[in-house]
Structure formats: C-alpha cells, structure tokens
Amino acid sequence: MSFELPSLPYANDALAPYMSAETLDFHHGKHHQTYVTNLNNLLKDNELQGASLEDIVIKSSKDASMAGIFNNAGQHWNHILFWQCMKPNGGGSIPSELETRLNSDFGSIDQFKEAFIQAGTTQFGSGWAWLAINNGKLVVTKSANASNPLVDGMKPILGCDVWEHSYYIDYRNKRPDYLKAFLDSLVNWEFVASQLD
Ligand code: MN3
3 MSFELPSLPY
13 ANDALAPYMS
23 AETLDFHHGK
33 HHQTYVTNLN
43 NLLKDNELQG
53 ASLEDIVIKS
63 SKDASMAGIF
73 NNAGQHWNHI
83 LFWQCMKPNG
93 GGSIPSELET
103 RLNSDFGSID
113 QFKEAFIQAG
123 TTQFGSGWAW
133 LAINNGKLVV
143 TKSANASNPL
153 VDGMKPILGC
163 DVWEHSYYID
173 YRNKRPDYLK
183 AFLDSLVNWE
193 FVASQLD
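The sequence shown lines up with residues 3 to 199 when you count with my numbering.
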C-alpha cells in the first residue's frame, strides 16, 4: 500500500488573491507530489513500509539513517494538514471552544496571532509555524525543514508552510505579509477546532 497525493479540498484558484492558482499548481501538484513519490520509493524494502504515516514520521525522526524517509514523510504529513487548514473566505470568526482556549493560553486572540507570525517570521530558512497541543495546553512553535511538533510529542492542529515555495510567487520576500494573510483570510478555523481533543 503506497501513499497518494490527496486532492485539494477546494479548486486551485479558490484561495486567490491570498494564495494563487499558480502557487497551488506548483506547491500541491509538484512539490507535494514529489514528497509522496520519494517517500514511496524510499520505503521499498524498508522496515517501516506498511506503518501509518504518523508512525513513520516519529520513528524515522529518531534514526539518522532514515533522514530521507523522515524528510519526505514529514513533508507529506505537514502538507496534508496544511491544505485542510485553509479554505476560500477563511479567517474570520473562531469557533467558541477554540476561541476560549486561545484566549486562555495566550491572553488574547491578538497575542496568539502575534506569536504565530513571530514564529513563522523568525524560522530561519525553510520550515513551518505551528499551533499545537502540548499536555493539554495550546502552544505556538516553529520547526525547520520537514520537522513538526509530532516528533516532540505534541499534536499539531494548525500549520503554516514558510518554505519560499509557499509564498514567493504571491508575496515575493514578504513572509510576514503572507503569515498575516494566512491568519486573516485563509485559515479554516472550523477545521482547526475539529482537531481539538
Ligand atoms: Mn510546502
């Protein structure tokens, strides 16, 4: 059983102007597809073949000889979450249970947004900004390249790809503008809320 590229839950042009069809054509159709293809090839004759994607990410993260598998499995997992975290006409109001927990753990929604944008902006080079559950508490974290909070025992519920391939066509070098647009106009808060335990 090999892994497959999931379809986007919206049309390629549905997130414009905040994320263009050109960006999604390349990012989903080329970059994500390549991670899936590489992962399937690397798993041939590997002991992790047949394991769940989450298990492959966590186990390969602890074994330096599996760096290639980790990079491609991590990116496959991260992008599956990322596509679901966005929707046309996103942003806007946050479901009440999630809003209450964000207010409780960050002080205010604005303070959460500031922390998330700060995490994504200060991730040097390629990586991700996250909202994750750590021992029942919501936390903002960042990770390099393909890594994610799963490898540290947390549950990511919102991820924003800050690799240049995610924003350079639409925002050029302005990563903070992309992160702000992601939170204000792209996030599918209903999906994020559905990931709460
Ligand atoms: Mn990407």
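We treat Cβ as the ideally placed atom computed from N, Cα and C, and that holds for glycine.
| query | result |
| --- | --- |
| Pair within 9 Å by beta-carbon distance, ALA148 and GLY52 | no |
| Cut-off 6 Å between Cβ atoms - residues of its own chain near ASP179, not counting five sequence neighbours on either side | TYR173 |
| PHE114 versus TRP191 - alpha carbon distance | 14 Å |
| SER145, buried or exposed, once every other Cβ within 10 Å from all chains shown has been counted against 16 | buried |
| Start-end ranges of the beta strand (DSSP E) lying completely within the region 119 to 149, minimum 3 residues | 129 to 136, 139 to 146 |
| Alpha carbon of ILE71 to alpha carbon of THR36, nearest angstrom | 13 Å |
| Reduced DSSP category for ILE159 - H, G, I as helix; E, B as strand; rest coil | strand |
| CA nearest to the CA of VAL189, picked from PHE28, LEU133, ASN43 | LEU133 |
| Exposure of PHE126, with buried meaning 16 or more beta-carbon neighbours within 10 Å | exposed |
| Same chain only: Cβ atoms within 6 Å of ALA23, ignoring 5 sequence neighbours per side | ASN14, ASP15 |
| Which of helix, strand or coil DSSP assigns to MET21 | coil |
| C-alpha gap between ASP163 and GLU101, whole angstroms | 23 Å |
| Residue span of the alpha helix (DSSP H) that contains GLU166, given as start and end | From DSSP, GLU166 is part of no alpha helix (DSSP H); its letter is neither H nor E. |
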